[in-house]
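Trainee: When you line the sequence shown up against this note's numbering, it's residues 39 to 899, in that order.
Here a beta-carbon is modelled for each residue, glycine too, at the ideal position from N, C-alpha and C.
In this text the structure is predicted, and so the values were computed from the model without any measurement.
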Amino acid sequence: MIGFYRALLRLYPSGFRAEYHEELCAVFAERISGYSGPLPRVALGIVALADVVPNAVAAHWDIVRQDLRYAVRAVGRTPGFALTVVLLVALGVGANTAAFSLADFVFLRPLPYPEANRLVKLWQSSAGFGRIELSPANYRDWKARARSVESMGAYTRRAMNLVGTAEPRRLETAAMTPELLGMLGVPALAGRVFSPADSTGERVVVLSHALWQTQFGGDPGTLNAVVRLDGAPFIVIGVMPPTFHFPDREAEAWTPLFLREADFLDRNDNYLEVIARLRDGGSLEEAQADFAGITAVLEQEFPKENKETRALVLGLRDELSTRARLLVFALCGGALCILLLACANLASLFLARAMHRARELAVRAALGAGRERLVRQLATESLGLAVMGGIVGVAVALAGVPLLARLVPATLPTAAEPTVDLRVLIAAVVLVVLTGLGFGVGPAVGARRISSFDALREGARTGGARTQRLRASLVVIEVAASVVLLISSGLLLRAVMRIQSTEPGFRPEGVLTLRTTLPASKYAITARRDRFYDRVLEEVRALPGVAGAAYTTGLPMSMRGGIWPVALPGEEAIVTNAANSSSVRFVTPQLFETLGIPLRDGRDVAKSDTRDAPWVVVVSESFVQRYWPGERAIGRRFSVGFGERTIVGVVGDVRVRGLEQPSEPQVYLPASQMADSSFINYPPKELVVRSASDPSTLLPAIRRIVRVADPEQPISNVRTMSEVLDDETVSRVTQLRVLGVLCAIALLIAGVGIHGLLTFTVAQRAQEIGIRRALGEQAGSVVRRVLREGFVLALAGVGVGVWLAYLSAEAMAALLAGIRPADPATIASAAVLCLATAAVGCLRPAIHAARVDPMTALRRE
39 MIGFYRALLR
49 LYPSGFRAEY
59 HEELCAVFAE
69 RISGYSGPLP
79 RVALGIVALA
89 DVVPNAVAAH
99 WDIVRQDLRY
109 AVRAVGRTPG
119 FALTVVLLVA
129 LGVGANTAAF
139 SLADFVFLRP
149 LPYPEANRLV
159 KLWQSSAGFG
169 RIELSPANYR
179 DWKARARSVE
189 SMGAYTRRAM
199 NLVGTAEPRR
209 LETAAMTPEL
219 LGMLGVPALA
229 GRVFSPADST
239 GERVVVLSHA
249 LWQTQFGGDP
259 GTLNAVVRLD
269 GAPFIVIGVM
279 PPTFHFPDRE
289 AEAWTPLFLR
299 EADFLDRNDN
309 YLEVIARLRD
319 GGSLEEAQAD
329 FAGITAVLEQ
339 EFPKENKETR
349 ALVLGLRDEL
359 STRARLLVFA
369 LCGGALCILL
379 LACANLASLF
389 LARAMHRARE
399 LAVRAALGAG
409 RERLVRQLAT
419 ESLGLAVMGG
429 IVGVAVALAG
439 VPLLARLVPA
449 TLPTAAEPTV
459 DLRVLIAAVV
469 LVVLTGLGFG
479 VGPAVGARRI
489 SSFDALREGA
499 RTGGARTQRL
509 RASLVVIEVA
519 ASVVLLISSG
529 LLLRAVMRIQ
539 STEPGFRPEG
549 VLTLRTTLPA
559 SKYAITARRD
569 RFYDRVLEEV
579 RALPGVAGAA
589 YTTGLPMSMR
599 GGIWPVALPG
609 EEAIVTNAAN
619 SSSVRFVTPQ
629 LFETLGIPLR
639 DGRDVAKSDT
649 RDAPWVVVVS
659 ESFVQRYWPG
669 ERAIGRRFSV
679 GFGERTIVGV
689 VGDVRVRGLE
699 QPSEPQVYLP
709 ASQMADSSFI
719 NYPPKELVVR
729 SASDPSTLLP
739 AIRRIVRVAD
749 PEQPISNVRT
759 MSEVLDDETV
769 SRVTQLRVLG
779 VLCAIALLIA
789 GVGIHGLLTF
799 TVAQRAQEIG
809 IRRALGEQAG
819 SVVRRVLREG
829 FVLALAGVGV
839 GVWLAYLSAE
849 AMAALLAGIR
859 PADPATIASA
869 AVLCLATAAV
879 GCLRPAIHAA
889 RVDPMTALRR
899 E
């Protein structure tokens, strides 16, 4: 029992135990000797526990209150030091809290589905293609033969017009097989999701919560009501909850996918995105092996259509591209550099403060303060400052996180913006505590090793040489981290400049674009579409300032186009790889003139290119180079789009997949030569208008023209071609802006670190400098010596930083757009900027050293 009591007494502060421990143990031993039997002794133990625990807590709290009062007074005596610490902690915590919120959102936070780790995305790939959607035929065969998945569903994106309301509205929808929504495992907020009967019965639709609120005001009566989509009636059978996010984040409503037997005839008709749920206990590796076997068998059964076709099985979160991952990793790396810089500067500050207060601490120790008490006092001060800095840092993160939303990949099925949630706040609290204790307790522990006699005798010079070396090392770390940030940001900046200077193949200036997606049910007949196009284009071209107008299936950059098989005379048109396929668009006359795509040979598509006229085609230069290198292509024939066509024109190449992807062969087909009820996803829908003045001023007039041509036709996706081009680099530019701010902070911290070190050095060596001056050393010599010390440290940091930056650049090579990781111009610029910052940081301490008065310095000691 006495052992139990001794253990209880360890709850008291050490000072209290040192003074009263033995006396309390003696009293307790005397009391326990009067009790016999286990129960009385247990009762006595409970009484002791009830006595010691609250008293020990009260004793500690009393000490904490004393420490807090003393910390407030100490901080009040050095407000500059306190403000600097708070700002450094705020910068480090703020940058890393924001970066962690983004990384947590993209890589760690669970997807909003039950057992989301069992959901996978299925793609197929062929030679020359990355990953492409499945055809209905391959989807049906994969689903029937798969043994590694519990269920499988498919969907395709569709744009539909919501009509019958005050204003027609274009909706992004997804047509899906009935089991898909149920497979995701999220029940409807109201009503139900699809059932197998919905794929053959009357038309039904499930609404997103956002659409239900914005378009229908959250009216419960919307359930079972009839809405008109593309002019056809659909019954609303369900509304999804606000927390539901479909894998295609843009989808606002969902309809059943009706697959007819005719849809399974063409294995090259790839448009289905497929999601599957693994069997309980199954693994991704098992699924990959399963589908590898399935595709191998299908290649044998259909050697032409499925030649070299393979399955890609990815976790739903693994949909992220390499570039999207690296963008987030680069930002997190920049934030970690800021944390490293802040930590190094904090360590330097607290070391200097500990040495400055060495005599004060020695006096308190000589007056009876225990070393544990002194360490706790310093820890309280540092932790209090860290908490204040952490609060500011979290506030900074809250303000900065919305900016990072542009870095969230669109393929991630989550909310559009990351948030600072409880997980992120816990990480921030841990960071604050580690920062406060690490840089408060560390110097305090170092101070414990210095004898009180030495501290009283030497004061602030106690341990100066050791502290000097440590602070010098910290400055090297700060400069190295700054160089890593500067070189990495410089390489990314050069990459963006190279991308932005890439010729897109068209002239974006002065071009307005907007989308008028014509519903297939209403415009299945080609002649009816042509009447709509002709009426709109005729009136738009008549507007003042309009230099040209045309329709196209899709805009460059935002749509690659249909990937269709191409066959020369005598060949069969089957897609086996990228070498016998091309990007296809249907267009109206004047598209090339309007977009500024140069006509290299022949002519544009013309109004006379009708269904009854010979079928013609305009191709790109890269198409000619693939099939007839060095020859003239006009008049040559090939098969594409279920018919043989004659080349009547050759135009310049356009980068349809983005500025970072090389151009690929392109084929332009006259919209008037589309067969009725065919190619339902390919009729022209993008209106492009070139204006001699600001194109946005034309929008009201164009809206009126479209409304008169079809009152139920909404307009959407209004942008200029310059904005389309800018969207190619928006995530990169956002990242550069963030990294640019981090670079400025890094340079500031590094400059302050060098300045602080040299100021401390001059103060420590004031007596030595005074002696040298008294012996005749010139002020210029003193300045050069101090500057030399600063530059040596800066050069060491630059050397280490360049090496680390090269390793970092190698890791993010996919973001550099061909820029070499060891780019001399970027490295030299970063080194010069860091050295210039170091020079500014060195200048004031050097001048101060030169002004040291010899007699005053000698009298200091």
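1. Taking C-beta to C-beta, are residue 442 and residue 456 nearer than 8 Å?
2. Using 8 Å for Cβ pairs, my map puts residue 729 next to residue 474. What's the rounded Cβ distance?
3. Roughly how many angstroms lie between the CA atoms of residue 116 and residue 86, to the nearest whole one?
4. Of all the options 229, 249, 280, which has the alpha carbon lying nearest to the alpha carbon of residue 262?
5. Grouping DSSP H, G and I as helix and E and B as strand, with all else coil, what is residue 775?
6. Counting pairs of Cβ atoms below 8 Å between the segment 272 to 288 and the segment 219 to 233, do you hit three or more?
7. What is the DSSP secondary structure of residue 498, reduced to helix, strand or coil?
8. DSSP three-state label for residue 76, please.
9. In the DSSP output, what is residue 689 paired with across the bridge?
10. If contact is defined by three or more beta carbon pairs under 8 Å, each pair taking one atom from either stretch, is the segment 630 to 645 in contact with the segment 686 to 699?
11. Determine which residues share a DSSP beta bridge with residue 271 and list them.
12. Taking the straight line between their C-alpha atoms, what separation do you get for residue 187 and residue 325?
13. Please say whether residue 720 and residue 656 have beta carbons closer to each other than 8 Å?
14. Which residue marks the beginning of the alpha helix (DSSP H) containing residue 280, and which one marks its end?
15. Kindly indicate which three-state DSSP category residue 292 falls into: helix, strand or coil?
16. Hey, which unbroken runs of the alpha helix (DSSP H) at 4 residues or more fall wholly within the segment 720 to 786?
17. On the three-state DSSP scale, how would you describe residue 620?
18. Leaving aside the five residues before and after residue 829 along the sequence, list all residues of the same chain whose C-beta is less than 8 Å from its C-beta, in chain order.
19. Could you tell me whether the segment 166 to 181 touches the segment 456 to 469, where touching means 3 or more Cβ pairs closer than 8 Å?
20. Classify residue 677: buried if its beta carbon has 16 or more other beta carbons within 10 angstroms, exposed otherwise.
21. How would you write the range of the alpha helix (DSSP H) that residue 332 sits in, first residue to last?
22. Is residue 677 helix, strand or coil by DSSP?
23. What do you get for residue 104, buried or exposed, if any count of 16 or more other CB atoms within 10 angstroms of its CB means buried?
24. Does DSSP classify residue 185 as helix, strand or coil?
25. Do the segment 725 to 740 and the segment 577 to 594 make contact, defined as three or more Cβ pairs closer than 8 Å?
26. Determine the burial state of residue 792: buried for a count of at least 16 other Cβ atoms within 10 Å of its Cβ, exposed for fewer.
27. Roughly how many angstroms lie between the CA atoms of residue 53 and residue 125, to the nearest whole one?
28. What is the residue span of the alpha helix (DSSP H) that residue 589 lies within?
29. What is the residue span of the beta strand (DSSP E) that residue 157 lies within?
30. For residue 321, count neighbouring C-beta atoms within 10 Å of its own C-beta (all shown protein chains included) and say buried if the count is 16 or more, exposed if not.
31. My output table needs one value for residue 221: the three-state DSSP class, helix, strand or coil.
32. Count the C-beta pairs between the segment 347 to 363 and the segment 154 to 162 that are closer than 8 Å, then say yes if the count reaches three, no if not.
33. Roughly how many angstroms lie between the CA atoms of residue 675 and residue 311, to the nearest whole one?
34. Take the Cβ of residue 215 as the centre, count every other Cβ of all protein chains shown within 10 Å, and call the residue buried at 16 or more, exposed below.
35. Pull up the DSSP beta-bridge partners for residue 245, would you.
36. Check whether the segment 642 to 649 touches the segment 697 to 704, counting contact only when three or more Cβ pairs, one atom from each stretch, lie closer than 8 Å.
Mentor: In this structure, then:
1. Yes, the Cβ-Cβ distance between residue 442 and residue 456 is below 8 Å.
2. Between residue 474 and residue 729 the Cβ distance is about 60 Å, and since that is not below 8 Å, they are no contact.
3. Residue 116 and residue 86: Cα-Cα distance of roughly 45 Å.
4. 229
5. helix
6. In short, these stretches touch, since the Cβ pair count reaches three.
7. With a pLDDT of 46 at residue 498, under the threshold of 50, the predicted position of this residue should be treated as unreliable, though the coordinate-derived value follows. Shown here, residue 498 sits in a helix according to DSSP, grouped into three states.
8. helix
9. Its beta-bridge partners are 637, 658.
10. Because the criterion of three Cβ pairs below 8 Å is met, the segment 686 to 699 and the segment 630 to 645 touch.
11. Partner(s): 266.
12. Computed Cα separation, rounded: 7 Å.
13. no
14. No alpha helix (DSSP H) holds residue 280; DSSP gives it neither H nor E.
15. strand
16. 737 to 747, 759 to 765
17. Three-state DSSP puts residue 620 in a strand.
18. 873, 876, 877, 880
19. no
20. buried
21. 322 to 339
22. strand
23. exposed
24. Residue 185 carries a coil assignment under DSSP once its states are collapsed to helix, strand and coil.
25. yes
26. buried
27. 35 Å
28. Per DSSP, residue 589 belongs to no alpha helix (DSSP H); it is in the beta strand (DSSP E), 584 to 590.
29. 157 to 163
30. exposed
31. Residue 221 carries a helical assignment under DSSP once its states are collapsed to helix, strand and coil.
32. yes
33. 34 Å
34. buried
35. Beta-bridge pairing links residue 245 to 277, 291.
36. no
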